[in-house]
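Notes follow once the structure below has been shown.
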Ligand SMILES: [Zn+2]
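In mature numbering (1 follows the signal peptide of the UniProt record, and there is no 0), the protein residues as written are -23 to -1, 1 to 729.
Dropping the structure here:
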């Protein structure tokens, strides 16, 4: 049992809960029901990254990993009944972030106590027992630190930290110190699955004789070959596992700051991240994580950020989440006013300014090299100095990360100095630092907030391959936005050009004149403090020009087999272009069926007499162009040509009309004069056939070799095509090839 013992109910009935059978049922729709304790695990990776594992631990101790995106609002340590897509999931490697079955719905039966207290900053006093467990791992020839050493870390460093940061609100007291027997259940494989980690942490809890609620079990083992330093449950009380260096290895012990950080997770805290560079331009959008760049642990000031080694002060944002801001430390802005802040590290006086918003809270504080922040300003990073800093708390469940903001947007600076200012993304508040020294004086101004436009659509459009296309002269842009007193009028902006394409006033739609090509539209209004409230980006492709034929369809004879009924192979080709996107081509006429959308040619065959095609091409907005081609095929037997030299007639049903003319003598020739735009000579290929020279209008065209291992009758072996019809003469001359002198002429095809 990992979490059950940290709940009052479970504590009362003790370990008997272990024997309760898991509740799992298969729903009619293929989903499964799972009942148990909802567990969040914060995993600190050795490479500086972080991982959050979420899952449900059943009463029998078995564990089901779930997709964290589907349980964002559920507090770690809650008792839940969840409907999941698949409850049969196997243990997964801890680094496999894709593992976890989606949760379809979840009922929270019981929420841990601390989470409910976070709405308003209040002081609460809680004494929490810390039970220390150290253990060897079977198969690992390394010793852990002694329980007394770990207990001293808690007593000398971690407990004072949490006590002074919360003015006694979190009071950690070491209770049991357990040197446990060697842990033998990890298994022989040095994999790191979620099930292995949870089993070890549950085992650590069982080494403690008398667990209290809410309390903490700190387990330290010598390094197991897992890629993390520490794992903690994100819950009200829980378990911390320090995957620490071997005590004899000479490696430095994990600093107490790491343990203090993990205890923070046991207090339902998430990480302290850095957020900046938000949105469409430097001061746009709503400042949420998905519109900004965010760096995990990037808040270098904070114990829950990358300052674990330094044990920097707990931020006002975390105190707000805990509901443990010391009395007198907090002021909530109520209007335009002047506020003086003491440095956070001094632990006295008014030091946190809250700027309330719609679900989003900003906390302003002063960090100088005082008290636990003595290291501030000693870091070589220029973005980590003394000054006024702003953190943002987004609406979501506990365990939520807080975000240190790049508050001075123009200077891309985290901390604000004298004369610098910050505005909340909703336009409601601006803060200017008017003096900065041992304290900071802030001019706080309240503004009427402006609404952020949402749901921007462009009509009319057609969606092709995920892109919206329009041919409208002035497409209509519509959006929604709340009626707020700070709205200054809405504008539609084309972001590639930076041009305001419509000033809509208070309206929620506008017709916009756009040039052809890609347009990137967004709607904005400007709050009184100058903050721009942007919609998200809506791209649209504008194409008002119909496709054109760069070259019209043209038909010509091509090589290949002629059918016994004089079906002669031809090729129809064209080239169409469009300012936007060509999406289709349709051809009416022989061979026009089933053409691919981007086609620009087709191969087919025609029979003697007239044939006609109409080619129609279309672009993404439905504009089209069409062009036609027609031709007449004339079929002429070989006897239509004038022979010279020695020729004889051979009869075979596989020849056209059952006959062909054959010669085996060098320089035997055949001339045929015709009027047309395309000529094809039809011959028979065979093993004993040789080469011929082809002339057109007296000019040598080249050599055709008529040899083939298997006989092939009725083959178009030579073609020539002209742009327009005219009178021409084709002449074929046998080369009398040694060993295979034969030439079979079977006729001529002409396109008129
Ligand atoms: Zn952490």
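C-beta atoms are modelled at their ideal positions from N, C-alpha and C, and glycine is treated no differently.
Distance cut-off 7 Å: residue i Cβ against heavy atoms of ligand 1
| i | result |
| --- | --- |
| residue 181 | no |
Paired residues, beta bridge with residue i - DSSP
| i | result |
| --- | --- |
| residue 546 | 582 |
| residue 409 | 398, 420 |
| residue 728 | 610, 655 |
| residue 689 | 662 |
| residue 561 | 595 |
| residue 647 | 620, 709 |
| residue 719 | 666 |
| residue 114 | 160 |
| residue 498 | 471, 515 |
| residue 587 | 609 |
| residue 638 | 626, 722 |
| residue 535 | In the DSSP output, where bridge partners are listed per residue, residue 535 has none listed. |
| residue 601 | 595 |
| residue 15 | 33 |
| residue 310 | Looking at the DSSP assignment, residue 310 forms no beta bridge with any residue, so it has no partner. |
| residue 433 | None, per the DSSP bridge assignment. |
Reduced DSSP secondary structure (H/G/I, E/B, other) of residue i
| i | result |
| --- | --- |
| residue 461 | coil |
| residue 268 | helix |
| residue 56 | strand |
| residue 187 | coil |
| residue 163 | coil |
| residue 174 | helix |
| residue 78 | strand |
| residue 349 | helix |
| residue 785 | Nothing in the structure corresponds to residue 785, since the chain is present only between -23 and 729. |
| residue 127 | helix |
| residue 24 | coil |
| residue 299 | helix |
| residue 304 | coil |
| residue 239 | helix |
| residue 572 | coil |
| residue 207 | strand |
| residue 249 | strand |
| residue 341 | strand |
| residue 134 | helix |
| residue 98 | Confidence at residue 98 is low in this model, with a pLDDT of 33, below 50, so the placement of that residue is unreliable and no value is reported for it. |
| residue 292 | coil |
| residue 233 | helix |
Residue burial classification, residue i (beta-carbon count within 10 angstroms, cutoff 16)
| i | result |
| --- | --- |
| residue 713 | buried |
| residue 3 | Residue confidence for residue 3 is low, a pLDDT of 49 falling below 50, so the modelled location carries little weight; the figure read from the coordinates is stated next. Counting Cβ neighbours within 10 Å, residue 3 comes out exposed, since fewer than 16 surround it. |
| residue 350 | buried |
| residue 662 | buried |
| residue 314 | exposed |
| residue 719 | buried |
| residue 552 | exposed |
| residue 331 | buried |
| residue 301 | buried |
| residue 477 | exposed |
| residue 519 | buried |
| residue 267 | exposed |
| residue 202 | exposed |
| residue 540 | exposed |
| residue 529 | exposed |
| residue 405 | buried |
| residue 700 | exposed |
| residue 605 | exposed |
| residue 389 | exposed |
| residue 93 | Caution applies to residue 93, whose pLDDT of 46 falls short of 50 and renders its modelled position unreliable; the model cannot decide the point. |
When you get a sec, list the residues whose CB is within less than 7 Å of any heavy atom of ligand 1, chain order please.
Chain-ordered list of matching residues: 19, 21, 27, 209, 238, 239, 242, 248, 281.
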